[in-house]
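Residue numbers (this note's numbering), protein chains in the order written: chain A, 6 to 138; chain B, 29 to 165. All C-beta atoms, glycine included, are put in the ideal place defined by N, C-alpha and C. Here the structure is a predicted model, which is why all the values come from computation and not from measurement. The structure appears right after this line, and notes come after that.
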């Protein structure tokens, strides 16, 4: 069948998922802005998206039991998750720079909205195709 | 959907920061309190935060924040010779609280800014979620 949802939506569905995960990680950083020894982390969007795409193409391995090994690219030791480089050291070992995190969060939110727009456009064209007008 | 867990994370941040504001208020309120002995005098309190890492099963480890405990300042207690004071001990000394009002004010500003940050995050996430709900309209 020529029209299928996965093919029609393309990369945007995965991008939306990675964006929301990144938003979560940045929120974690900001919530822990005053936690001693907390190290800020971020998701390398490009790497995460590439990994997600590879999963999609090769067919993901699902974990159906708690004791299964994690073989997904999205496992905890995902190379896309990296520690933030510190601009300024702090005495309590915390590496969260509130300004940087806030800016990144905002940027991420705008990108999320852009992806939403793209997805909305895709849905609109699908509806148009279905109506056949 | 991981945008939903942002509410938990930002909420934990807000409650931690409001506890910090609470201890600061308590410290400032007691900045001028005196007592009759070193042990009884008020010591400045400060919460210690700790990151909570949960859901190891998830794709990504996420963490909120919790208050690990509250410490009391070990700064020296200032004693003052004031025999006419009703709280004075046998030697005529009264003991002041070891609160540093300037440090507390700075603490207060920092706590309220962090609180605002968390509110901002929750707000933005809410908007994103609402827009996601309207997807395809």
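Comparing alpha-carbon positions, the option among A:96, A:103, A:39 and A:46 lying closest to residue 96 of chain B turns out to be A:39. Around the beta-carbon of residue 17 of chain A, 16 or more other beta-carbon atoms lie within 10 Å, marking it buried. Look at the beta carbons and you see the segment 113 to 129 of chain B not touching the segment 107 to 122 of chain A: under three pairs across the two are nearer than 8 Å. Contact of residue 120 of chain B with chain A is not assigned, every C-beta pair being separated by 8 Å or more.
In the structure shown, residue 69 of chain A falls within a coil segment according to DSSP collapsed to helix, strand and coil. The three-state secondary structure of residue 69 of chain B, taken from DSSP, is coil.
The beta carbon of residue 132 of chain A sits closer than 7 Å to none of the beta carbons in its chain outside the five residues before and after it. Shown here, residue 77 of chain B sits in a strand according to DSSP, grouped into three states.
Taking a C-beta cut-off of 7 Å against chain B, the contacting residues of the segment 102 to 125 of chain A are 103, 107, 110, 114, 117, 118, 121, 124 and 125, listed in chain order. In its chain, beyond the 5 residues on either side, 23 and 85 have a beta carbon closer than 6 Å to the beta carbon of residue 53 of chain A. For residue 117 of chain B, the secondary structure class from DSSP, reduced to helix, strand or coil, is coil. Classified as exposed, residue 9 of chain A has fewer than 16 neighbouring CB atoms from the shown chains inside 10 Å of its CB.
In the three-state DSSP reduction, residue 138 of chain A falls in the coil class, being neither helix nor strand. Taking a Cβ-Cβ cut-off of 7 Å, the neighbours of residue 149 of chain B in chain A comprise 32, 35 and 110, given in sequence order. Identification of chain A residues near residue 160 of chain B by a Cβ-Cβ cut-off of 7 Å yields 121, ordered along the chain. Residue 70 of chain A has its alpha-carbon roughly 53 Å from the corresponding atom of residue 56 of chain B.
Among the CB atoms of chain B, one or more fall inside 8 Å of the CB of residue 26 of chain A. Here residue 79 of chain B is near residue 91 of chain B, since their CB atoms are less than 8 Å apart. Of all residues in the segment 41 to 74 of chain B, the ones placed with a Cβ closer than 8 Å to any Cβ belonging to chain A are 41, 44, 45 and 48, in chain order.
Within chain A, no residue has its beta carbon less than 7 Å from that of residue 144 of chain B; the closest one is some 10 Å off.
Here residue 127 of chain A has 13, 14, 15 and 17 as same chain residues with Cβ atoms under 8 Å from its own Cβ, once five neighbours each way along the sequence are excluded.
Setting aside the 5 residues that flank it on each side, residue 30 of chain A is surrounded in the same chain by 46, 47 and 48, each with a C-beta closer than 7 Å to its C-beta; the list follows chain order. In the structure shown, the three-state DSSP call for residue 95 of chain B is strand. Neighbours of residue 79 of chain B in chain A, taken as residues whose beta carbon is under 7 Å from its own, are 37, 40 and 43 in chain order.
A check of alpha carbon separations from residue 106 of chain B across B:67, B:131 and B:50 identifies B:67 as the nearest. In the structure shown, residue 105 of chain B adopts coil according to DSSP, grouped into three states. DSSP lists A:48 as the bridge partner or partners of residue 86 of chain A. Within chain A, the C-beta atoms nearer than 9 Å to that of residue 164 of chain B come from 124, 125, 127, 128, 129, 131 and 132, in chain order.
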